[in-house]
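Protein chains in written order, with our numbering: chain A, 4 to 168; chain B, 4 to 168.
We treat Cβ as the ideally placed atom computed from N, Cα and C, and that holds for glycine.
Model, not experiment: these values are computed from the prediction.
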DNA sequence: TCAAATTAGTTGAAGCCTAAAATATTGCCC
DNA sequence: GGGCAATATTTTAGGCTTCAACTAATTTGA
């Protein structure tokens with residue numbers, strides 16, 4: 004039926020379905036992330052009495068033993084400057100990080116883990132990894148590898164167009 | 004070298020690397036989602052002066068023309084009851100939703116889109132879909148399909164263990 | 001029927017988050 | 001050196017988010 008035309012799709016259909024497919028992937032990505040994130044937040048709250056933003060901040064600081072400025076920290080965490088102020092203030096109250104004024108630049112601060120902060124993070128990180136692995140237990144290693152590859156690829160293309168509206 | 008043993012990995016190594024791989028996938032998932040989500044939030048704010056939570060609520064209501072109770076809405080959106088109260092209050096102030104007391108159950112409310120709300124959502128949804136597609140432009144259709152498959156599979160396994168700590 | 005348990009929803013306190021304005025300091029350029 | 005733009009950070013106002021406590025209505029079950 005309808006010879007001379009593509010059987011079921013025109014070029015316009017293609018671009019519409021492409022757009023639908025992009026949307027589907029984004030919705031799934033968001034949904035998966037929200038479910039896992041919810042679980043991780045509960046885990047951190049129940050097991051260690053802490054929050055995901057604080058855990059993230061500790062993780063970033065753990066990767067830079069020499070310390071980070073507030074600004075550098077906010078870039079690593081993908082959050083605003085003002086946000087970091089609050090999170091670090093609370094971590095300082097808990098004695099997990101140390102905020103010292105920079106000698107070179109009196110506007111800036113260096114934030115570092117305290118010894119207590121290092122110890123606390125090590126323990127949390129171990130539990131966190133085990134918990135995540137338990138959640139993803141049912142996924143095959145092969146699927147995990149594929150996901151890793153595809154998400155890495157996605158990250159590269161998405162990370163670039165940060166500014167486009 | 005070292006005959007009689009597996010070349011490079013023991014069983015303990017396997018399980019350690021599996022756990023690391025799970026963690027990597029989760030971190031990538033989270034990172035990708037945060038970057039895209041940031042962009043979507045900016046887009047909705049700049050283009051329509053609205054927020055992602057409000058857009059999500061409108062989207063949920065659009066799928067149920069007969070309306071939803073506050074509780075049903077909170078389940079669809081994966082957020083707490085109290086949260087929905089605030090978001091719907093703001094949407095009501097904007098004239099996009101209508102909240103009517105239920106006849107059958109005087110504790111409950113039915114929330115529906117107003118005509119204005121329907122129109123506003125249609126326009127936002129169109130722009131949103133195009134924007135997301137533009138962001139994922141550089142990903143091949145084949146990768147998109149693979150991602151969709153894998154994320155669907157992931158969603159199924161993760162959605163089950165909602166309660167485990 | 002009536003008291004107890006459950007369910008629907010709101011409120012309040014606390015934390016996370018952003019954008020924009022304010023502060024303070026630095027660096028540059030004339 | 002003095003002024004001015006840029007930079008590092010905090011503050012503020014407003015919205016999102018949760019949990020726990022609360023109110024009100026419904027259901028259950030003796």
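In angstroms, rounded to a whole number, what distance separates the CA positions of residue i and residue j?
{"i": "residue 122 (chain B)", "j": "residue 147 (chain A)", "result": "41 Å"}
{"i": "residue 160 (chain B)", "j": "residue 137 (chain A)", "result": "11 Å"}
{"i": "residue 35 (chain A)", "j": "residue 83 (chain A)", "result": "24 Å"}
{"i": "residue 168 (chain A)", "j": "residue 29 (chain B)", "result": "Its pLDDT being 36, under 50, residue 168 (chain A) is placed unreliably by the model, and nothing is read from it."}
{"i": "residue 18 (chain B)", "j": "residue 132 (chain A)", "result": "12 Å"}
{"i": "residue 65 (chain B)", "j": "residue 97 (chain A)", "result": "45 Å"}
{"i": "residue 156 (chain B)", "j": "residue 141 (chain A)", "result": "10 Å"}
{"i": "residue 52 (chain B)", "j": "residue 80 (chain A)", "result": "25 Å"}
{"i": "residue 38 (chain B)", "j": "residue 63 (chain A)", "result": "17 Å"}
{"i": "residue 143 (chain A)", "j": "residue 134 (chain A)", "result": "17 Å"}
{"i": "residue 31 (chain B)", "j": "residue 69 (chain A)", "result": "25 Å"}
{"i": "residue 75 (chain B)", "j": "residue 90 (chain A)", "result": "33 Å"}
{"i": "residue 27 (chain A)", "j": "residue 117 (chain A)", "result": "44 Å"}
{"i": "residue 86 (chain B)", "j": "residue 125 (chain A)", "result": "33 Å"}
{"i": "residue 109 (chain B)", "j": "residue 158 (chain A)", "result": "49 Å"}
{"i": "residue 67 (chain A)", "j": "residue 25 (chain B)", "result": "23 Å"}
{"i": "residue 107 (chain B)", "j": "residue 92 (chain B)", "result": "22 Å"}
Quick one: grab the DSSP three-state call for residue i.
{"i": "residue 102 (chain A)", "result": "strand"}
{"i": "residue 124 (chain A)", "result": "helix"}
{"i": "residue 51 (chain A)", "result": "helix"}
{"i": "residue 67 (chain A)", "result": "coil"}
{"i": "residue 97 (chain B)", "result": "coil"}
{"i": "residue 81 (chain B)", "result": "coil"}
{"i": "residue 17 (chain A)", "result": "helix"}
{"i": "residue 150 (chain B)", "result": "helix"}
{"i": "residue 139 (chain A)", "result": "coil"}
{"i": "residue 59 (chain A)", "result": "helix"}
Determine which residues share a DSSP beta bridge with residue i and list them.
{"i": "residue 113 (chain A)", "result": "A:72, A:103"}
When we look at the beta-carbon of residue i and count the other beta-carbons within 10 Å, is it buried (16 or more) or exposed?
{"i": "residue 60 (chain A)", "result": "buried"}
{"i": "residue 57 (chain B)", "result": "buried"}
{"i": "residue 77 (chain A)", "result": "buried"}
{"i": "residue 1 (chain B)", "result": "This structure cannot speak to residue 1 (chain B), because chain B is shown only from 4 to 168."}
{"i": "residue 145 (chain B)", "result": "exposed"}
{"i": "residue 103 (chain A)", "result": "exposed"}
{"i": "residue 88 (chain A)", "result": "exposed"}
{"i": "residue 33 (chain B)", "result": "buried"}
{"i": "residue 20 (chain B)", "result": "exposed"}
{"i": "residue 154 (chain B)", "result": "buried"}
{"i": "residue 150 (chain B)", "result": "buried"}
Give every residue of the same chain whose Cβ lies closer than 8 Å to the Cβ of residue i, excluding the five residues on either side of it in the sequence, and list them in chain order.
{"i": "residue 72 (chain A)", "result": "105, 111, 112, 113, 114"}
{"i": "residue 2 (chain B)", "result": "As shown, chain B starts at 4 and ends at 168. That puts residue 2 (chain B) outside it, with no answer to give."}
{"i": "residue 94 (chain B)", "result": "57, 60, 61, 100, 120"}
{"i": "residue 40 (chain B)", "result": "55"}
{"i": "residue 128 (chain B)", "result": "62, 65"}
Ignore the nearest five residues each way along the sequence and tell me which others in residue i's own chain have a CB closer than 6 Å to its CB.
{"i": "residue 23 (chain B)", "result": "none"}
{"i": "residue 162 (chain A)", "result": "none"}
Return the chain-ordered list of same chain residues with a C-beta closer than 7 Å to the C-beta of residue i, the five sequence neighbours on each side being excluded.
{"i": "residue 120 (chain A)", "result": "61, 99, 100"}
{"i": "residue 42 (chain B)", "result": "138"}
{"i": "residue 50 (chain B)", "result": "130"}
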